[in-house]
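One structure is given below, encoded as structure tokens.
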Amino acid sequence: MQINWFPGHMAKTRKLISENLKLVDIVYELVDARIPESSKNPEIEKITRNKPKLTLLNKCDLADDKATQIWLSHYEKMGRCALLINSITGYNLNKIPKITKELLKEKIERDRQRGIVNRPIKIMVVGIPNVGKSSFINKFTGGKSAQTGDRPGVTKGKQWIRLKEGFELLDTPGILWPKFEDKEAALRLAYTGAIKDEILDVVELSFHLLEYLNKEYKEELCARYKIETTDSAKGVEILELICKKRGFILPGAEIDYDRGAKIVLDEFRACKIGKITLELPKG
Ligand SMILES: Nc1nc2c(ncn2[C@@H]2O[C@H](COP(=O)(O)OP(=O)(O)OP(=O)(O)O)[C@@H](O)[C@H]2O)c(=O)[nH]1
Ligand SMILES: [Mg+2]
Numbered sequence: 272m273q274i275n276w277f278p279g280h281m282a283k284t285r286k287l288i289s290e291n292l293k294l295v296d297i298v299y300e301l302v303d304a305r306i307p308e309s310s311k312n313p314e315i316e317k318i319t320r321n322k323p324k325l326t327l328l329n330k331c332d333l334a335d336d337k338a339t340q341i342w343l344s345h346y347e348k349m350g351r352c353a354l355l356i357n358s359i360t361g362y363n364l365n366k367i368p369k370i371t372k373e374l375l376k377e378k379i380e381r382d383r384q385r386g387i388v389n390r391p392i393k394i395m396v397v398g399i400p401n402v403g404k405s406s407f408i409n410k411f412t413g414g415k416s417a418q419t420g421d422r423p424g425v426t427k428g429k430q431w432i433r434l435k436e437g438f439e440l441l442d443t444p445g446i447l448w449p450k451f452e453d454k455e456a457a458l459r460l461a462y463t464g465a466i467k468d469e470i471l472d473v474v475e476l477s478f479h480l481l482e483y484l485n486k487e488y489k490e491e492l493c494a495r496y497k498i499e500t501t502d503s504a505k506g507v508e509i510l511e512l513i514c515k516k517r518g519f520i521l522p523g524a525e526i527d528y529d530r531g532a533k534i535v536l537d538e539f540r541a542c543k544i545g546k547i548t549l550e551l552p553k554g
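The numbering of the sequence shown is my numbering, which starts it at 272 and goes up by one.
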């Protein structure tokens, strides 16, 4: 799904989400475990303000387990509640109800004192495009999702999906705009396929990715493409080695960088190079 986040559209989305937020008790914020920071909406804190929030690090199957542990400690240090999940297999989704009740403990207690018991806990899912919102809702609700087609923000005609243990989930997730201003974040989003309109051409994108991989995941990179690189190798040099190894040569002995770049990005996205995280907490 393609969304062009022109300013008017962003303002509308912001408003819709704020309206929906009034109806819910808690927000599940989905981020990509490979880029927990870059896949956050830049205004998420402002938008969700005082709402209890659970950060779900989705696609944990694609991320580097060691880096993921660093992220989890980071969230813990910041006093944030975060959980690793895989929305395809359903990994860890069973832990969500208990964590949700824990986060809403005080509210539930306050309600109890006022004689309100078993009031449903209302939940809304938000996240940038392609982060896995639909997959999550589908798996979490056991396929009870009312596939109405996603719209940014969430609009009229809202539907609630009733779940076990007194939970109700808004069936349409709030689609938030990604970070565009931050160049590095935009690159990482593009590597993962979250930005479909390439902000750079594929070849240039692959250069940046290859330099990162050569720095942080050299072993995996070299093993995958059966190449040997120097620490200071430039993206273009690495891509050239890959193209030669794979025989991506055009008539006239010219290197087919386009084909090589496409393969590298495809294989990265398909996790064929390895479980890779693209950023660590800052500071
Ligand atoms: N490996 C892996 N892939 C996932 C996971 N969750 C979702 N995906 C894949 O990620 C892609 C995007 O998932 P969607 O559920 O469509 O994401 P979305 O956030 O609803 O995307 P939009 O509707 O475009 O905003 C799909 O190809 C999913 O199969 C996960 O936990 N692991
Ligand atoms: Mg979707």
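We put the CB at the ideal spot given by N, CA and C, even for glycine.
Task: Best match in Lys311, Cys493 and Ile306 for proximity to Ala338 [C-alpha to C-alpha] - done: Shortest Cα-Cα distance from Ala338 to any of Lys311, Cys493 and Ile306 involves Ile306.
Segment limits, alpha helix (DSSP H) that includes Phe277 = First-last for Phe277: undefined, no H or E at that position.
Compare the C-alpha of Arg433 against each of Arg320, Ile446, Ala457 and Lys415 and name the closest.
-> It is Lys415 whose Cα lies nearest to the Cα of Arg433.
* To do: Check the C-beta distance from Asn312 over to Ile399 and give it rounded, since I have them as a contact under 8 Å.
  => About 6 Å separates the beta carbons of Asn312 and Ile399, which is inside the 8 Å limit, making them a contact pair.
query = Rounded to whole angstroms, how far is the Cβ of Leu481 from the Cβ of Ile509, which I believe are closer than 8 Å?
reply = Correct: roughly 4 Å between the Cβ atoms.
**Report entry** Beta carbon of Leu287 nearer than 8 Å to that of Lys404
**Finding:** No. Outside cutoff.
message: At the level of alpha carbons, what is the spacing between His345 and Pro552?
response: CA-to-CA, the gap between His345 and Pro552 works out to about 7 Å.
- Quick one: any contact between the region 307-326 and the region 527-538, if contact means 3 or more CB pairs under 8 Å? No, they do not touch.
Next item on the list: Please report the residue range of the beta strand (DSSP E) in which Val473 lies.
Entry: No beta strand (DSSP E) contains Val473, which is instead part of the alpha helix (DSSP H) from Val473 to Glu487.
Next on the checklist: What does the alpha-carbon distance come out to for the pair Asp296 and Val402?
Outcome noted: Near 22 Å, if we compare the C-alpha coordinates of Val402 and Asp296.
Self-check item: Same chain only: Cβ atoms within 8 Å of Val473, ignoring 5 sequence neighbours per side
Solution: Hits under 8 Å: Asp529, Ala532, Lys533 and Leu536.
- Message: Quick check: is the beta carbon of Glu487 nearer than 8 Å to any beta carbon in chain C?
- Response: Structure shown: chain C not included; a single protein chain is present.
Checking 8 Å against the spacing of the C-beta atoms, do Ile233 and Leu484 come in under that value? Because the chain here runs from 272 to 554, residue 233 falls outside it and cannot be looked at.
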